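First up is the structure itself, then whatever we jot down about it.
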Amino acid sequence: MTETMRANRSDWVAIFASLVILTTMLQAKTNITKQPFGHTVDGTAVDLYTLADDKVELRITNYGGIIVSLRAPDRNGKFDDIVLGYDSLDKYIAKTAYFGAIIGRYANRIAHGSFQLDGKTYSIPKNDGDNTLHGGIVGFDKVVWTAHEIKNGIELTYVSKDGDQGFPGALTTTVRYALDGNALRIEYSATTDKDTVLNLTNHSYFNLLGQAKGEVLGHVVKINASRITPVDATLIPTGELKSVEGTPFDFRTPHAIGERIDANDEQLHFGLGYDENFVLDHPEGQLAEAAEVYEPTTGRILKVLTTETAVQFYTGNHLDGSITGKDGRVYKPRFAFCLETEHYPDSPNHPSFPSTELKPGQKFHSVTVYEFSAGSR
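This note's numbering numbers the first residue of the sequence shown as 5 and each following residue consecutively.
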């Protein structure tokens, strides 16, 4: 072999090696690790999963499918945890703030703890005055899910027995959390062996300043919804679909949360701030942008896409300073916001609302994506 041939061969080896490295980088997957997170009162072991790449780091426990932490960079590349929560499993077990949890069987409220299905009345535990909130006393946020790793994330499965919290049918629910670059994809699926009702969501409390680093009143919000489902004094929908035009609930163009939160509006008085179901303008089942939140100080941006029909916008109004969360930080009123993608509250008692019924042979499927970025506006 001549020197020229050897040189050419070396060049091709170097090029091939570079291509291998580049291909490996392009195909790099989310790094997933698992560690113990403690035990429930009955001794069941609980794990904590970390999903991480160079853009976002996410920690999830299979107790309640809870997002324990979510670290994302600001416009200067500084990472911070932007969701509220607790440092230990014991606190998640003892407290009911729904921080970061999977909510089911029925997210949001059901009036008077009852509904009719197939001519039969079902009673479920009342845990919010005369109403049922987020699935009852022991909802999906208070159980241990079976977990295993999937591409870029974890899959959680839970079988809720027929009659669990009063709901009919044995319900098998699967929730997939997958982290891909700057996007967290949550995919919900469920099947049942008997007619039932279902409404699933994730209840993360966000603060783009960093968890417990101040009120979220300066966050600028856009919600692609022309209507809300107004509520009575107990936060149960009246059955009306009301236009947001000319109200503090019109976020079709961006507004700071604090701009109108204390306006003289009955709905704001009932919720002590924003706690309202927004009817999204896109068709059900189509993955489309529901909302976007921008925090001017850090430049962090949260974009929410969903196939769901609605999103509950809540501004942490009931955080009263009595909860000490992660890193010993105290959670005060309006220190977080939630964007809970879901169907309408109390749908089983409102035939005019989109149905939340699930029948044997059907498969419930819903997708929500949270995209994180940072920049200037």
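Think of the CB as a built atom: it goes at the ideal place given N, C-alpha and C, for glycine as much as any other residue.
Remember, it's a predicted structure, so these values are computed and weren't measured experimentally.
Query: Within 10 angstroms of its Cβ, does Gln-169 collect 16 or more other Cβ (buried), or is it exposed?; Result: buried
Query: Between which residues of its own chain and Ala-49 is the CB-CB distance below 6 Å, once the five residues before and five after are set aside?; Result: His-43
Query: Between which residues of its own chain and Pro-241 is the CB-CB distance below 6 Å, once the five residues before and five after are set aside?; Result: Thr-233, Val-235, Pro-349 and Asp-350
Query: Can you tell which of Pro-40, Tyr-318, Ile-158 and Gly-243 has the C-alpha that lies nearest to the C-alpha of Ile-265?; Result: Tyr-318
Query: Report all residues from its chain with a CB closer than 8 Å to the CB of Val-24; omit the five preceding and five following residues, and keep chain order.; Result: In this predicted model, Val-24 has a pLDDT of only 37, less than 50, meaning its place in the structure is not dependable enough to derive any value.
Query: Mapping DSSP to helix, strand and coil, what is Pro-241?; Result: strand
Query: Going by the beta-carbon positions, is the gap between Ala-194 and Val-373 smaller than 8 Å?; Result: no
Query: Using three-state DSSP, classify His-43 as helix, strand or coil.; Result: strand
Query: Near Thr-34, which residues of its chain fall below 6 Å by C-beta distance, leaving aside the five closest residues on each side in sequence?; Result: Leu-55, Asp-57, Asn-156 and Leu-183
Query: Give the DSSP bridge partners of Gln-120, in chain order.; Result: Thr-125
Query: Excluding the 5 residues preceding and the 5 following Asp-166 in the sequence, name in chain order all residues of the same chain whose CB lies nearer than 7 Å to its CB.; Result: Pro-172, Gly-173, Ala-174 and Lys-198
Query: Taking the DSSP output, what are the residues bridged to Leu-343?; Result: Phe-317
Query: So, does the stretch 205-217 touch the stretch 332-341, judging by three or more C-beta pairs under 8 Å?; Result: yes
Query: Per DSSP, what kind of secondary structure is Asn-353 in: helix, strand or coil?; Result: helix
Query: Could you pull the start and end residues of the beta strand (DSSP E) that Arg-231 belongs to?; Result: 229-232
Query: What does the Cβ neighbour count give for Asn-135, buried or exposed, with the cut at 16 atoms within 10 Å?; Result: buried
Query: What does the Cβ neighbour count give for Phe-83, buried or exposed, with the cut at 16 atoms within 10 Å?; Result: exposed
Query: According to DSSP, is Asp-84 part of a helix, a strand, or is it coil?; Result: strand
Query: Using beta-carbon positions only, say whether Thr-161 and Thr-178 come within less than 8 Å of one another.; Result: yes
Query: Based on DSSP bridge pairs, tell me the residues matched to Ser-370.; Result: Tyr-192
Query: In angstroms with no decimal places, state the Cα-to-Cα distance between Pro-300 and His-223.; Result: 7 Å
Query: Use the C-beta contact count for Gly-123: other C-beta atoms within 10 angstroms, 16 or more gives buried, fewer gives exposed.; Result: exposed
Query: Classify Lys-363: buried if its beta carbon has 16 or more other beta carbons within 10 angstroms, exposed otherwise.; Result: exposed
Query: Within its chain, find whatever has a CB closer than 6 Å to the CB of Leu-26; leave out the 5 residues flanking it on each side and keep chain order.; Result: Only weak support exists for where Leu-26 lies, its pLDDT of 39 falling under 50; the coordinates are left without a value.
Query: Does DSSP classify Gly-262 as helix, strand or coil?; Result: helix
Query: Starting from Gly-157 and walking both ways along the beta strand (DSSP E), at which residues does that stretch end?; Result: 157-164
Query: Rounded to the nearest angstrom, what separates Leu-323 and Thr-100 at their Cα positions?; Result: 12 Å
Query: Taking 8 Å as the cut-off, decide whether the C-beta atoms of Tyr-53 and Ala-115 are in contact.; Result: no
Query: Consult DSSP for Phe-210 and reduce its assignment to one of helix, strand or coil.; Result: strand
Query: Using a Cβ-Cβ cut-off of 6 Å (strictly less than) and excluding sequence neighbours within five positions of Lys-367, which residues of its own chain qualify?; Result: Thr-195
Query: Among Ser-164, Thr-176 and Val-72, which residue has its Cα nearest to the Cα of Gly-365?; Result: Thr-176
Query: Going by other Cβ atoms of all chains shown within 10 Å of its Cβ, with 16 needed for buried, is Thr-345 buried or exposed?; Result: buried
Query: With 16 as the cutoff for other CB atoms within 10 Å, does Val-87 come out buried or exposed?; Result: buried
Query: Taking the beta strand (DSSP E) that Tyr-348 falls in, what are its first and last residues?; Result: No beta strand (DSSP E) holds Tyr-348; DSSP gives it neither H nor E.
Query: If contact is defined by three or more beta carbon pairs under 8 Å, each pair taking one atom from either stretch, is the stretch 304-316 in contact with the stretch 245-257?; Result: no
Query: Apart from the five residues on each side of it in sequence, which residues of its chain come closer than 8 Å, Cβ to Cβ, to Ser-380?; Result: Arg-79 and Gly-303
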